[in-house]
Each structure stands twice: as C-alpha cells, then as structure tokens.
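Trainee: Provided herewith is a single structure, encoded as structure tokens, for subsequent inquiry.
Residue numbers (the numbering used here), protein chains in the order written: chain F, 1 to 372; chain Y, 1001 to 1372.
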C-alpha cells in the first residue's frame, strides 16, 4: 500500500513543525522524529500497531540499525510469522523524545544557540514521549491503533497511551513494566546519573560531539545491567567461573566471567548511546507515576479508557516485579476495563521480555488476534 | 583483670613482627593491627569472643570511633546487658587486614619504598584477614575462643575461622552471610570498583594522603547501599516522597527523598573510608568461596571443625539470601556439625543485622549462653 509513500518504511525521519508544550512547562518548536514502519495500513485503519521501546532501545525494532549494523531488538515479537506481523499489521516504532537515534533530544541543536542542547534540553516525561508518538501518527494519517505494545519503559508508554489518548487505542500490551517507578528503581537510576555526572568528561553535559563521558556512562550501564538479570540467571550463566584463566589473578583484572561480561556491556553501550540522553530518559522514567495526577488512585487514571489490556510479568524480574503488574491489573479491574494478566516463569529476570520467550509470544499473538 | 595490661582496652594498636605469608604468595613483614577489647579474659580462657566486622566496619564495635566521634556499629549486640556482654565476655574486635582504621592496608607505608602501598599492596583474602586476627589473639594470649561472631563479611570470617583454626573455636555465629560470593555479589562489587578506578582523582591508586577519588567512591557506596536495603524497605521508608518540595523540579536535583538519602550516604562514606581499601576488601570478598579448596564440596571444608554453629538470615536480605545460609547449614549437617538455623522476618534487607533486631539478639544470647 505504502510502496511509494515515503512516510512509510525503514529508517524514516521527519521534522514535525509546531509548538510542542511539555509537562515541565517548557516547549519545543518543531521536533525531529526518527521512526520505522513495517507492513501496510489497511483501508479501515484496523491494523496499526505502535511498538514502544525501552530505555536504551530505538526505532529499529525489527530492522537493522544502520548506526550499529545490528539486527532489531525484538525480532521474535515483530516480523513475518511473529505476533506482530508486517503481513497483517502496520507496525510503527518511534525513537522516543530525548533519545539519540534520530528523535530530538539533548544531542540535537538548540535553535536558540546553534549548539547542542546538552543540559539546556527540557526535562521530559513519559507523557511527552507519548505526545510525540501521537503527533507522528497524525503525520502518518493513523488515527486508530489496534494495539500499543511495549516492555519495560515501552510498557509504561503503552499504559500511558490508554490514559492520554483513550479514543485512539483499542488494546494495550504492557510487558515487564509498572505504572510508577519505585524507590529502588529511582535509586538505581540515580546511581547511574551520578556516575555519568561524576565523570569529568561529562563537562556539565557539554562534552564535544564524538566524545562521551565514557567511563561514567559505562559504570551507569553496568549497574543498570545487573538489574536486568536475575540472581539465579547470573548464577546459572556465570556462577563463579573464571575468565580465560585457571585460578584467580590476585589482582584487579576481570578474573570472573561476570566481571568481563559487565565490562563488555559497559564498553559497547558507550559506542551506541548518548550520556545526556541517558540522563533525560532515566529521569522521565523516575517521574512516571500514572496515579499521581489522580490523587494516587490508579484506577481513576484509566477511567476514560475503553481499551483491552494484556499485562505480562516474569517471575524473576525484580526490577518491575509481578507485584507492580498486579497493582495495574487491580486498578484496571476497578476501572471496569477488560484485562488479561499472566506471570510467566523465567530465570532471566527483567531481560526475559527481550529473549526467546515462546509463551510471551503466544500470549501476545492470541490477545492481538482476538482484538483484530 | 586487664586493668593494667595495656594490650587490652579501647582503640588499641600493635605492630606484630614477623613474616606474614598471604594466600596470593606475597607476604608482609610486620603488620600493624588496630583493635579494641571489652571485658576481661577469665582465668580458664572460657569467655573470649571475637567479633568480626563487615566491609566498611571497623574495630569500634561498641566504643566510640575516635576518627568520626560516632558510637560503635553494633551497640545492640555488644555491651552491658547485651548478648555479648563485657561483664561476662572478653570481646575482641579487629580492623581487618586491608582496612583503613589502624590495621595495615593500602594506605600504610610500604617499607620498600617509604610511600603508601596504594595498588602495590598485595591482594588479600578473607583467610588472610583471619590469620591476622589469629596472630593478634596470640599476642593477647588468647588461645581459645568461646565464639566468633559476625554479620555479612564478618560472617564470612566467622565461618572461615572454623575451617582455618578448628581447634581454637567452640562456636560460630554467622549472620546475613554466605560461604561464597555469588555472581551477582561479584557484579555489584565490580561496578563499585570500576566507579572508583574511573575517577581521575584515583590516579591509579596514588592519590595523595588527605585526598580521595571522592566522586567514584561515593558512586560505589551508593550502588552498594541499594543492595543493603530491600525493595519493600525502600518503598516503606521513601516510596516516591519528594525531598523538601511539593512537586518535581523537572531537573536533576535530588527531587526524591531516596535520591537525597543515597547522595548523603555517598558523601559521608568518602569522609570515613579509603578508596583503595574499598577495592582490596571487596576483592577479598569476591574471592571468598569456602568450598573451592575442597573440590567444591562445602561439607569437606568443615570436616575438622568441632564447633557449634548458629546461622541467621533475614527474609528480605537479597544480598546474602536465605538460600545461601541454607547451603551452609546443609553442608554443616553433612559434616556432622551441630548447627542451629533461623530465618528472621524483617523488611530491612541485608542491613537488618545492624538494626534493632530483638529476635536476632535473643537467638545469639541463647546460643552463646548454651555454649558457655
């Protein structure tokens, strides 16, 4: 359908003109949006699916990331024969506001100064991200979404869609997520931010293009990465196994495989993600609390929604544990919404939603087919 | 009894001469030991208790720390009317090898160079710490211990005492601890070390006396501190409460109480603890695996022990969870040792052993009285 429509396809970008008011009271005049679409929109607009990415994800959910050459981050969920299938769905994935893969963020040029925003970029919220996605869908001519689907921070956006645009969303799939950031969630993010801001190469955010506060950003990633895995998963994968040696070195090299793995995670992350974006996006997550605007009553946030919801959690996810998903389910029940909930058994912690999880795929497939 | 014996009392220190061979193959010629004792040794040597401190603790278990002016770190366990009572026991607490409160460590002067060891200090193990404690007890004329008592890293030392000196220990009390460091334990420590070593003020360990890689050490402490508390405890204590404000600032200040609390933990830690000591002691903990020298069979490590053991864990301690205590108990059972085990209900995570825990105190009191 969209064969000749340049708005649709891989690695798209567009500048959306206009005045974007933000939750903070600040605003942005015009926003660049990096996004990607798969499959064609049908005439009745019954098959559009928005996929929302997590903290360090991007719009390349099922296509190769041209910056890194790496395949998409959710190939088991999106693709031919998958629950979200370009043969049946028109799938849209948008780099979030504040990101660093094509959408306006702290690396973008501030028109007021002609230099990158850096820390002059306004602090944003999950709702601001959702508003930009809605504006992009307007640009694409998509009024109605069959479903909004996301895990982790993507699940926060999915839940927020039902609150912010109740008339545009028929179904929400929120995986390994929560309706608010807990004290522990905030604490881990704060450690990461302090690690970045403690790095002299951060320079108050004004590090030159092509440089990074690499050491600080790597430490932030290492700390966060531990929270993505479970204690049992780490024990199973690494245990106390040594890295390329028979005995400990009695030194500070990476004697243990888990150390080597973490250091690698830190080093490679620095190559693909911007430190200031990390600050802004973690802050948006910390601020997320869907009940806050409703005197703490989460059910009230969902009062206007007519969407059907599917919530999925994983047994070993201690970052967004099942208790947080159940809290959302209880609120949706109280709001009279149709909601399915399943806790899936997995040893892989929070990361489970990005890994091979056939049960998760079956749940999403069945749920989305039932809506369609 | 020891009224005139200068070896006993508060804030003692001694230089132990001799060649100390270390697990690494390195050695130290002479070791300074900072320690503190409470109560008098009885004639039959039936009442000596060694208390072992945790990662960032010191010898001032029940006395004022002259460096900080703060009271001892375990006043509910040690003191008049407490389970370990100077009226009944001769209590000894020793700053660990590698520490920074009077015992030889990386801040000590290397006799080979006349400057602080810094990273030329040999990497040490929990066993090396235990050997120094044994040498100090030799100096004090204490051959027999009624009990060795410790929590966290102190519990590791207590367990190791029964393995290293089975003839000298009648009872072991190991609280909130494990017989090995898990992959997740190692991972969190590695994040802390990387944070320190990423700080340019670390200078490869050669930061001048009176300075610190303060930012990196603070980040290390913040990350570690999260692991000392439970998710539920953080939610109860801080939740999403804001710090001195009615609404979020849309900035990177410490909007949330939990952020303010963590920053404070980081800042105050830097004033009282040395960064290189932190590197060395965390490394010693990571290397700890009592079963390793016995082909992975923990029971074999305890084969020579005739001690009675008390293991205590806390329900919400995810740093050294109950499963690790149970593993020790199973091994002790297999070794034919007398062992008591109790898991105590607490919302306070790993830190529970340092807080007001009447049940813990009752268990320790009953156990130690039964030995005596």
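The beta-carbon is built from N, C-alpha and C at its ideal position, and this holds for glycine as well.
On a predicted model such as this, the values are computed, not experimentally measured, just so you know.
Using CA coordinates, which residue listed in F/58, F/77, F/80, F/81 is at the minimum distance from residue 70 of chain F?
Mentor: Mapped onto the first chain, residue 70 of chain F falls at position 70. Distance check between residue 70 of chain F and each of F/58, F/77, F/80, F/81 places F/58 closest, using alpha-carbon atoms only.
Trainee: Say whether chain Y places a C-beta atom closer than 7 Å to the C-beta of residue 320 of chain F.
Mentor: Start at 1 with the first residue of the first chain, and residue 320 of chain F comes out as number 320. So no, residue 320 of chain F is outside the interface.
Trainee: Excluding sequence positions up to five away, which residues of its chain have a Cβ less than 6 Å from the Cβ of residue 1263 of chain Y?
Mentor: One-based indexing of the second chain puts residue 1263 of chain Y at position 263. Hits under 6 Å: 1254.
Trainee: Listed in chain order, which residues of the region 228-250 of chain F have Cβ atoms closer than 7 Å to some Cβ of chain Y?
Mentor: 231, 234, 235, 238, 239, 240, 248, 250
Trainee: Report the residues of the region 270-284 of chain F with a CB closer than 8 Å to any CB of chain Y, ordered along the chain.
Mentor: Within the region 270-284 of chain F, 279, 283 place their CB atoms closer than 8 Å to a CB of chain Y, listed in sequence order.
Trainee: Apart from the five residues just before and just after residue 1221 of chain Y, which ones in its own chain have a Cβ nearer than 7 Å to its Cβ?
Mentor: Position 221 of the second chain, counting from 1, holds the residue named residue 1221 of chain Y. Here the set comprises 1265, 1266, 1269.
Trainee: Should residue 1286 of chain Y go down as buried or exposed, given a rule of 16 or more other Cβ atoms within 10 Å for buried?
Mentor: As a position in the second chain, residue 1286 of chain Y is number 286, starting the count at 1. Buried: at least 16 other Cβ atoms inside 10 Å.
Trainee: Whose CA, out of Y/1210, Y/1189, Y/1247, lies closest to the CA of residue 219 of chain F?
Mentor: The count along the first chain starts at 1 and reaches residue 219 of chain F at position 219. Nearest of Y/1210, Y/1189, Y/1247 to residue 219 of chain F, Cα basis: Y/1189.
Trainee: Check each candidate in F/260, F/180, F/249 and name the one with the smallest Cα separation from residue 1023 of chain Y.
Mentor: Counted from its first residue, the second chain places residue 1023 of chain Y at position 23. Nearest Cα to residue 1023 of chain Y within the set F/260, F/180, F/249: F/249.
Trainee: Can you tell me the Cβ-Cβ gap for residue 312 of chain F and residue 342 of chain F, rounded? I've got them flagged as a contact below 8 Å.
Mentor: Residue 312 of chain F sits at position 312 when you count from the first residue of the first chain. Residue 342 of chain F sits at position 342 when you count from the first residue of the first chain. Going by Cβ atoms, the distance from residue 312 of chain F to residue 342 of chain F rounds to 6 Å, so yes, they are a contact pair.
Trainee: Which word fits residue 1355 of chain Y, buried or exposed, when buried means at least 16 other C-beta atoms lie within 10 angstroms of its C-beta?
Mentor: Along the second chain, one-based indexing puts residue 1355 of chain Y at 355. Counting Cβ neighbours within 10 Å, residue 1355 of chain Y comes out exposed, since fewer than 16 surround it.
Trainee: Can you tell me which of F/241, F/172, F/334, F/92 puts its alpha carbon nearest to the alpha carbon of residue 364 of chain F?
Mentor: Taking the first chain and counting its residues from 1, the one referred to as residue 364 of chain F is at position 364. Checking every option, the nearest Cα to that of residue 364 of chain F belongs to F/172.
Trainee: What does residue 1200 of chain Y reach in chain F if we use C-beta pairs closer than 8 Å?
Mentor: Residue 1200 of chain Y sits at position 200 when you count from the first residue of the second chain. Simply 200.
Trainee: Check each candidate in F/78, F/36, F/39, F/10 and name the one with the smallest Cα separation from residue 362 of chain F.
Mentor: Walking along the first chain from the start, residue 362 of chain F turns up at place 362. Looking at the Cα atoms, F/78 is the closest of the given residues.
Trainee: Please report the distance separating the alpha-carbon of residue 145 of chain F from that of residue 50 of chain F.
Mentor: Position 145 of the first chain, counted from the start, is the residue given in the question as residue 145 of chain F. Position 50 of the first chain, counted from the start, is the residue given in the question as residue 50 of chain F. Going from the Cα of residue 145 of chain F to the Cα of residue 50 of chain F covers about 7 Å.
Trainee: Which same chain residues, not among the five before or five after residue 1200 of chain Y, have their C-beta less than 6 Å away from its C-beta?
Mentor: Taking the first residue of the second chain as 1, we reach residue 1200 of chain Y at position 200. So the list is empty, once near-sequence residues are dropped.
Trainee: On a CA-only basis, which of F/260, F/153, F/28 is nearest residue 132 of chain F? Give me that one, please.
Mentor: One-based indexing of the first chain puts residue 132 of chain F at position 132. Nearest in C-alpha terms to residue 132 of chain F, of all of F/260, F/153, F/28, is F/28.
Trainee: Given that a residue counts as buried once 16 or more other Cβ atoms are within 10 Å of its Cβ, and exposed if not, what is residue 1 of chain F?
Mentor: If you number the first chain from 1, residue 1 of chain F lands on position 1. Residue placement at residue 1 of chain F is flagged as unreliable, the pLDDT there being 49, under the threshold of 50; the coordinate-derived value follows with that caveat. With fewer than 16 Cβ atoms within 10 Å of its Cβ, residue 1 of chain F is classed as exposed.
Trainee: List, in chain order, every chain Y residue whose beta-carbon is nearer than 9 Å to that of residue 327 of chain F.
Mentor: Stepping through the first chain from its first residue, residue 327 of chain F is reached at position 327. Simply none; closest approach about 12 Å.
Trainee: Could you tell me whether the Cβ atoms of residue 1026 of chain Y and residue 1162 of chain Y are closer together than 7 Å?
Mentor: One-based indexing of the second chain puts residue 1026 of chain Y at position 26. One-based indexing of the second chain puts residue 1162 of chain Y at position 162. Taking 7 Å as the Cβ cut-off, residue 1026 of chain Y and residue 1162 of chain Y do not qualify as a contacting pair.
Trainee: Looking at the C-beta of residue 314 of chain F, does it have a partner C-beta in chain Y at a distance below 7 Å?
Mentor: For the purposes of this step, residue 314 of chain F is taken as residue 314 along the first chain, with counting starting at 1. So, not an interface residue.
Trainee: Measuring alpha carbon to alpha carbon, tell me which of F/68, F/225, F/61, F/165 ends up nearest residue 74 of chain F.
Mentor: Translated into positions along the first chain, residue 74 of chain F becomes position 74. If we check each option's Cα against that of residue 74 of chain F, F/61 comes out closest.
Trainee: For a contact meaning CB atoms closer than 7 Å, what does residue 346 of chain F contact in chain Y?
Mentor: By one-based count along the first chain, residue 346 of chain F stands at place 346. Those within 7 Å of residue 346 of chain F in chain Y number zero; the least Cβ separation is about 16 Å.
Trainee: What first and last residue would you give for the alpha helix (DSSP H) that runs through residue 1226 of chain Y?
Mentor: Here residue 1226 of chain Y refers to the residue found at position 226 when the second chain is read from its first residue. Element bounds for residue 1226 of chain Y: 1214-1228.
Trainee: For a contact defined as C-beta to C-beta under 8 Å, what are the partners of residue 1226 of chain Y on chain F?
Mentor: In the second chain, the residue the question calls residue 1226 of chain Y occupies position 226. Correct list: 184, 187, 188, 191.
Trainee: By Cβ distance, which residues of its chain are closer than 7 Å to residue 245 of chain F, with the 5 residues on each side in sequence left out?
Mentor: One-based indexing of the first chain puts residue 245 of chain F at position 245. Cβ neighbours of residue 245 of chain F beyond the five flanking positions: 255.
Trainee: Could you work out which residue in F/316, F/136, F/169, F/53 is closest to residue 230 of chain F when comparing CA atoms only?
Mentor: Taking the first residue of the first chain as position 1, residue 230 of chain F is located at position 230. For the residues F/316, F/136, F/169, F/53, the minimum Cα distance to residue 230 of chain F belongs to F/316.
Trainee: Give the straight-line distance between the Cα atoms of residue 1223 of chain Y and residue 1360 of chain Y, rounded to the nearest whole angstrom.
Mentor: Your numbering for residue 1223 of chain Y matches position 223 in the second chain. Your numbering for residue 1360 of chain Y matches position 360 in the second chain. The straight-line gap from Cα to Cα measures roughly 27 Å.
Trainee: Considering only C-alpha positions, which residue in the set Y/1013, Y/1041, Y/1039, Y/1283 is nearest to residue 1185 of chain Y?
Mentor: Counting from 1 along the second chain, the entry for residue 1185 of chain Y is found at position 185. The shortest C-alpha separation from residue 1185 of chain Y is found at Y/1283.
Trainee: Is there a Cβ of chain F sitting closer than 7 Å to that of residue 1194 of chain Y, yes or no?
Mentor: Here residue 1194 of chain Y refers to the residue found at position 194 of the second chain. Yes, contact with chain F.
Trainee: Kindly say whether residue 1343 of chain Y, judged by its beta-carbon, lies nearer than 7 Å to any beta-carbon of chain F.
Mentor: Taking the first residue of the second chain as position 1, residue 1343 of chain Y is located at position 343. No, residue 1343 of chain Y lies away from the interface with chain F (no Cβ there is under 7 Å from its Cβ).
Trainee: Note down the Cα distance separating residue 86 of chain F from residue 358 of chain F, rounded to an integer number of angstroms.
Mentor: Residue 86 of chain F sits at position 86 when you count from the first residue of the first chain. Residue 358 of chain F sits at position 358 when you count from the first residue of the first chain. For residue 86 of chain F and residue 358 of chain F, the distance between alpha carbons rounds to 19 Å.
Trainee: Applying a beta-carbon distance threshold of less than 7 Å, which residues of chain Y neighbour residue 127 of chain F?
Mentor: Working through the first chain from its first residue, we reach residue 127 of chain F at position 127. Near residue 127 of chain F there are no residues of chain Y at all, since even the closest Cβ is about 12 Å away, more than 7 Å.
Trainee: What does the Cβ neighbour count give for residue 194 of chain F, buried or exposed, with the cut at 16 atoms within 10 Å?
Mentor: Within the first chain, numbered from 1, the residue matching residue 194 of chain F stands at position 194. Buried: at least 16 other Cβ atoms inside 10 Å.
Trainee: Pairing CB atoms from the region 1096-1113 of chain Y with CB atoms from the region 1032-1050 of chain Y, are three or more of them under 8 Å?
Mentor: yes
Trainee: Label residue 271 of chain F either buried or exposed according to how many other C-beta atoms from any shown protein chain fall within 10 Å of its C-beta, with 16 as the threshold for buried.
Mentor: Numbered from 1 along the first chain, position 271 holds the residue referred to as residue 271 of chain F. It counts as exposed.
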